[in-house]
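Residue numbers (our numbering): 46 to 240.
Even glycine gets a Cβ: it sits at the ideal position worked out from N, Cα and C.
Encoded as structure tokens, the structure appears first; notes follow it.
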């Protein structure tokens, strides 16, 4: 049976302290989770601890992710640092196979700003052999600018066959409470698996 996991990003401490609801219940995450559940896909949005800079820990995130059910029918969706987490985690675990990997404005630290999390990691070029479908979403007006854009360009070089969805006016994909384009992609994946 297919399942889905949505991995949220990270904030700066001042922003995180002002949040009035859990990070995992922010942005478009709960909307997408609900839509996937209604489509019959059990969907988790794990709450990663200490999700602010510089406290966020890859070891802690990796531990939480390792407790999730991930297999060749799983849809993994990562936003910002959550996308970087997924690429690093899958790169470091070559025995894991997934059905669909969706990266939304992934932060992979191409500019080496957060070595305590990414530790000079490089994406595994053989990853596509273990992933049914890979999709990358990013916007040319990302509010984090080169930090995200350079990472997306790097991922496109490492994974030239991945599907790229480039926008002009979505920023860091953090202002909307809905994300129909990802739901459409996931729905296509689900239909393909059922046929």
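DSSP places residue 194 inside the alpha helix (DSSP H), whose first and last residues are 191–203. A straight line joining the alpha-carbon of residue 61 with that of residue 93 spans about 13 Å. DSSP links residue 212 through a beta bridge to 184.
Excluding its 5 nearest sequence neighbours in each direction, residue 163 has C-beta neighbours in its own chain below 6 Å: 154, listed in chain order. In the structure shown, the three-state DSSP call for residue 57 is strand.
In the DSSP annotation of this structure, residue 109 is not part of any beta strand (DSSP E); the continuous alpha helix (DSSP H) holding it starts and ends at 103–111. Cβ-Cβ distances below 7 Å link residue 219 to 72 in the same chain, with the five nearest sequence neighbours on each side left out; the list follows chain order. If you ignore the 5 residues before and after residue 230, its C-beta comes within less than 7 Å of the C-beta of 147 and 180, all in its own chain and listed in chain order. As a beta-bridge residue in DSSP terms, residue 123 pairs with 52 and 148. No Cβ-Cβ contact shorter than 9 Å links residue 110 with residue 57. Contact annotation, residue 87 with residue 69: C-beta distance approximately 15 Å; criterion of less than 8 Å not satisfied. The distance from the Cβ of residue 133 to that of residue 166 is about 5 Å, consistent with a contact at the 8 Å cut-off. When the five nearest sequence neighbours on each side are left out, the beta carbons in the same chain lying within less than 7 Å of the beta carbon of residue 81 are those of 49, 88 and 231, in order along the chain.
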